[in-house]
Structures are given as structure tokens and as C-alpha cells.
Amino acid sequence: MGERTINIIEPSRQAGALQPPLRSSDWPAPTGLLRDTRGRPLHDLRISVTDRCNFRCTYCMPKEVFGKDYQYLPHADLLSFEEITRLARLFMAHGVRKIRLTGGEPLLRKNIERLIAQLAALRGADGQSLEITLTTNGSLLARKAQSLRDAGLSRVTVSLDSLQDEVFRAMNDVDFPVAEVLAGIEAARAAGFERTKVNMVVKRGTNDHEILPMAQHFRGTGITLRFIEFMDVGATNGWRMDQVLPSDQVIARLQKRWPLVPLAASSPGETAQRWGWAGPDGRHDPRLGEVGAISSVTHAFCGDCNRARLSTEGRMYLCLFATQGWDLRRLLRGGASDAQISAAIGDIWHQRTDRYSELRASLPPDQGTGRGRRIEMSYIGG
Ligand code: SAM
Ligand code: SF4
Ligand code: SF4
Numbered sequence: 004m005g006e007r008t009i010n011i012i013e014p015s016r017q018a019g020a021l022q023p024p025l026r027s028s029d030w031p032a033p034t035g036l037l038r039d040t041r042g043r044p045l046h047d048l049r050i051s052v053t054d055r056c057n058f059r060c061t062y063c064m065p066k067e068v069f070g071k072d073y074q075y076l077p078h079a080d081l082l083s084f085e086e087i088t089r090l091a092r093l094f095m096a097h098g099v100r101k102i103r104l105t106g107g108e109p110l111l112r113k114n115i116e117r118l119i120a121q122l123a124a125l126r127g128a129d130g131q132s133l134e135i136t137l138t139t140n141g142s143l144l145a146r147k148a149q150s151l152r153d154a155g156l157s158r159v160t161v162s163l164d165s166l167q168d169e170v171f172r173a174m175n176d177v178d179f180p181v182a183e184v185l186a187g188i189e190a191a192r193a194a195g196f197e198r199t200k201v202n203m204v205v206k207r208g209t210n211d212h213e214i215l216p217m218a219q220h221f222r223g224t225g226i227t228l229r230f231i232e233f234m235d236v237g238a239t240n241g242w243r244m245d246q247v248l249p250s251d252q253v254i255a256r257l258q259k260r261w262p263l264v265p266l267a268a269s270s271p272g273e274t275a276q277r278w279g280w281a282g283p284d285g286r287h288d289p290r291l292g293e294v295g296a297i298s299s300v301t302h303a304f305c306g307d308c309n310r311a312r313l314s315t316e317g318r319m320y321l322c323l324f325a326t327q328g329w330d331l332r333r334l335l336r337g338g339a340s341d342a343q344i345s346a347a348i349g350d351i352w353h354q355r356t357d358r359y360s361e362l363r364a365s366l367p368p369d370q371g372t373g374r375g376r377r378i379e380m381s382y383i384g385g
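Residue numbers (the working numbering): 4 to 385.
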């Protein structure tokens with residue numbers, strides 16, 4: 004077996020870049036059975052396709068930090084669609100079955116449909132295709148839903164924090180009207196998307212009064228609303244624990260109004276706890292659908308976290324709260340073979356120890372799973 008080199012090669016404006024291990028020989032072929040140090044498989048890859056966004060959500064890209072002078076990555080630094088597709092193919096051989104495109108705002112990446120079509124054409128060794136999903140703020144969805152569907156996108160998740168126009172405009176901080184996001188969700192339905200999800204970040208004192216109206220709006224529509232605890236991701240959103248409304252309290256508020264029953268996880272490593280709306284017989288009524296609670300702060304789910312993340316400029320991150328990523332672009336552009344890149348991905352995952360949410364309470368504020376500053380959500384995606 005070749006030797007692994009792990010060096011910090013440059014300080015980044017976001018976080019340190021780690022040099023991926025490059026073996027000179029004897030790389031094993033991927034088996035699809037890769038496990039990290041805690042026995043966790045690699046199933047899910049989240050790819051950030053742009054670090055830009057047309058919103059300035061206060062919990063993600065606060066205007067004071069991401070102002071007019073903020074320097075985004077130059078275009079040449081971004082992975083090309085061909086580079087992303089090549090990596091996706093290599094990740095698939097290690098067991099990845101699901102890819103989520105994110106950002107920044109992924110629909111701002113020009114010709115994103117072309118990337119989706121390339122990813123949709125990939126097949127695993129068993130002939131299986133990828134499930135390709137995308138998380139969007141919905142602002143461009145009304146315009147793009149049909150072309151995304153035609154390109155082969157499997158599902159969409161739309162972020163929406165309030166139905167009240169005033170609250171929504173204040174939270175996106177660019178005065179974007181809620182009606183256009185709702186039109187985007189409707190366009191997704193009309194284009195044939197099913198199992199659409201809506202993500203609501205709940206900030207106590209800001210939009211928690213919108214929990215019941217949001218639930219009422221989406222109950223029985225086939226859309227799954229998921230409540231996300233406001234997270235301490237990155238280092239710029241001024242996170243405070245007293246602004247987190249624990250998911251247990253969100254569910255308790257819902258249960259006061261409608262009966263809910265707990266549902267089993269639909270797949271290993273699922274981030275949301277699922278709750279089904281109950282019918283008059285007290286059992287889950289599938290026609291009413293379900294809600295989800297993503298409790299990244301109050302209930303750590305690192306135990307079966309099977310997600311890797313690929314940043315816009317091609318760094319592989321092993322945790323949302325990481326401080327350093329592995330510079331796969333260096334391998335792509337440095338002439339490494341498929342086998343070498345695949346071996347590097349395997350080595351990196353194999354030595355993964357990350358479990359930030361389990362350790363949060365015992366760590367100093369702002370510290371991630373390594374030294375240095377934590378990466379921002381808009382850089383790595385949700
Ligand atoms: N721009 C797209 C969007 O908003 O859907 C995709 C990228 S965004 C970073 C992905 C998800 O992260 C969104 O659902 C957003 O609400 C969530 N998010 C961002 N900052 C967050 C925070 N501090 N806590 C919890 N969720 C956050
Ligand atoms: Fe943009 Fe999404 Fe972050 Fe909001 S949550 S600022 S829409 S990247
Ligand atoms: Fe996964 Fe890191 Fe989140 Fe834990 S804190 S669930 S390891 S991304």
C-alpha cells in the first residue's frame with residue numbers, strides 16, 4: 004500500500020485545504036462497501052455548484068458579511084460540469100446512491116440542467132442510476148421547474164421560512180416576495196415532481212409563530228414540511244442557543260392542534276425524524292402526509308451520518324462543521340488517474356472520525372471538527 008500524505012497546503016479564505024493522499028501504486032478497486040472509522044458507509048454526496056446567492060438569509064449569508072464587496076470564487080476555480088460528473092462517477096463506485104445539488108443558490112449556476120443530465124446518465128456497477136435532488140430557495144423555480152424535470156432531476160426541496168410576506172422578506176433580507184416561491188412550488192408540482200419537501204429554519208422569536216400556519220398550508224398537499232433547528236454552522240450568523248427552538252417543542256406545538264404519530268426512518272442516515280398526520284382512527288393517514296424535524300442541535304444524528312460534501316471548488320468535506328476540506332480539484336487538474344482519485348476518496352472516508360453534533364456541548368464556541376474557522380453554509384450547502 005502506498006503512503007498517505009496529509010498536509011495543510013494553503014490557508015483558504017474559507018478553510019484550510021488538505022492535500023489528498025496520492026498513492027503511487029497498489030490502489031484497491033472500490034467495493035461499494037467503504038466504511039469510516041465508526042462503521043458509517045458513504046451513501047450521500049452533497050455538491051455545492053456555486054457560492055453565490057440572490058438571498059441574504061440572516062442565518063446563512065448575513066449582509067454585514069456578504070456585502071457588495073464580498074469576493075466570490077472566480078469562475079475558473081469552480082469545478083466544471085465534466086469534473087463534477089467525473090467525481091460523481093467515482094463516488095458512486097464507493098457506494099454513493101444519492102446526490103444533492105446545493106449552494107449558494109444552485110439555480111444561479113448557468114446551464115445547471117446540463118449537469119443534471121450528465122449525472123442522470125451515470126450508472127453504478129449494478130446498473131442503478133442516481134437519485135438526484137436539489138435544494139433551492141425557490142426564487143427561480145417557477146421559470147426552471149420543467150427544464151429541471153426534463154433534464155432528469157428526481158426531486159426538489161424548497162426552503163421557505165414563512166408564509167407571511169413581511170416575515171419572509173425580512174428573513175431573506177432582499178425583500179423577495181413569498182408569492183414567487185409559492186409559485187415555484189406549484190410549478191414543480193405541475194412539472195411532475197413528487198415527494199417535494201419544504202424546509203423551514205425555525206428561529207425562536209423570528210418565525211416560530213409561523214409553525215402552525217405553515218403546517219396547515221402544506222398538510223394534505225403531498226408536500227412534506229420539515230422544521231430545521233437554527234444551526235451554529237459557519238462563524239458569521241451570530242448563532243445563539245436561545246434562538247433555537249428545539250424540535251421537540253415544535254412537535255409539541257403541532258400535536259396540540261392535530262394528532263401526529265411517529266414514523267420509522269425511510270432510509271438509514273435520514274436526517275429528519277418523521278411524523279405522520281393521524282386520521283380519526285389515530286393512525287397515520289397517508290393522504291394527509293407527514294412532517295419532519297431536523298434536530299441537528301438538540302438530537303445529534305452523527306451515529307449514522309453517511310454524507311460527504313463537495314465544495315464549489317472541489318474540496319471534499321466530511322462534516323458540515325468541518326474546518327478543512329480535501330482538495331480533490333488538485334488531483335483532477337494535476338493529471339491523477341481515476342484509480343488514484345478513487346483511492347484517495349476511499350482513504351479519506353476510511354479515516355473519517357467526524358461527529359461534531361455529538362461533541363458540540365463540550366467544544367468551545369465556534370470550534371468545528373478541526374483547527375481553524377468553520378466553513379460557511381453558503382459555501383458547502385445544506
Ligand atoms: N440556497 C439554497 C436554499 O436556501 O435552499 C440551497 C443552499 S442552503 C445553504 C441549504 C439549506 O440550508 C436551506 O434549507 C437553508 O434553510 C439551510 N440553512 C442555511 N443556514 C442554516 C442555519 N444556520 N441553520 C439551519 N439551516 C440553515
Ligand atoms: Fe442563499 Fe440558501 Fe443561504 Fe438563504 S439559505 S442565503 S437562499 S444559500
Ligand atoms: Fe454528520 Fe457532522 Fe452533522 Fe454529525 S455534525 S450529522 S458528522 S454533518
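Using N, Cα and C, we set each Cβ at its ideal position, and we do this for glycine too.
Judged by DSSP secondary structure, E169 falls within the alpha helix (DSSP H) whose first and last residues are D168 to N175. In the displayed model, W352 falls within a helix according to three-state DSSP. Between T315 and T40, the C-beta spacing is not below 8 Å. In this structure, T136 sits away from V161, with a CB-CB distance that is not shorter than 8 Å. Here DSSP, grouped into helix, strand and coil, assigns I226 to coil. Relative to ligand 2, the nearest heavy atom lies less than 7 Å away from the CB of F58.
In this model, E116 and L144 are separated by some 12 Å (Cα to Cα). Residue pairing for G328: DSSP places it in a beta bridge opposite A20. Around the Cβ of E67, a 10 Å sphere holds fewer than 16 other Cβ atoms; the residue is exposed. Beta-bridge analysis with DSSP links T139 to V161. Per DSSP, reduced to three states, the secondary structure at H302 is coil, with no helix or strand assignment.
As summarised for the region 53-96, the continuous alpha helix (DSSP H) elements at least 4 residues long and confined to that stretch are 84-96, given in chain order.
Linking T34 to H46 through their CA atoms gives a straight-line distance of about 13 Å. Here DSSP, grouped into helix, strand and coil, assigns L313 to strand. In the DSSP annotation of this structure, the continuous segment of the alpha helix (DSSP H) that includes A186 starts and ends at V181 to A193. Between the region 328-344 and the region 99-114, the count of C-beta pairs closer than 8 Å stays below three; the two stretches do not touch.
Note that the C-beta distance between V236 and L323 is below 8 Å. Q276: not part of any alpha helix (DSSP H); member of the beta strand (DSSP E) spanning Q276 to W280, first to last residue.
Counting the other CB atoms within 10 Å of its CB gives H287 a total of 16 or more, which places it among the buried residues. Proximity to A191 across T224, R358 and V170 peaks at T224, based on C-alpha coordinates. It is roughly 12 Å from the alpha-carbon of F58 to the alpha-carbon of V181. Around the C-beta of V177, fewer than 16 other C-beta atoms lie within 10 Å, and the residue is accordingly described as exposed. Residue burial annotation: R198 is exposed, with fewer than 16 other C-beta atoms found within 10 angstroms of its C-beta. Here the region 212-223 lies against the region 254-272, with 3 or more beta-carbon pairs under 8 Å apart.
A buried status is given to L313, since no fewer than 16 other beta-carbon atoms sit within 10 Å of its beta-carbon. At a cut-off of 7 Å, the beta-carbon of S250 does not count as near ligand 2: no heavy atom of the ligand is closer than that. Taking C-alpha positions only, P23 is separated from A32 by approximately 17 Å. At a threshold of 7 Å, Y382 does not count as near ligand 3, since its beta carbon sits no closer than that to any of the ligand's heavy atoms. Judged by DSSP in its simplified three-state form, I378 adopts coil rather than helix or strand. Distance between M380 and V264, taken at the CA atoms: about 32 Å. In this structure, C63 has its beta carbon less than 7 Å from a heavy atom of ligand 2. Looking at the DSSP output, V201 shares a beta bridge with V161 and L228.
DSSP places E293 within a strand segment (E or B) once states are collapsed to three.
Under the three-state reduction of DSSP, E361 is assigned to helix.
Restricting attention to A186, R363 and I119, the CA atom closest to the CA of A303 is found in R363. According to the DSSP secondary-structure assignment, K101 is paired through a beta bridge with D47 and E134.
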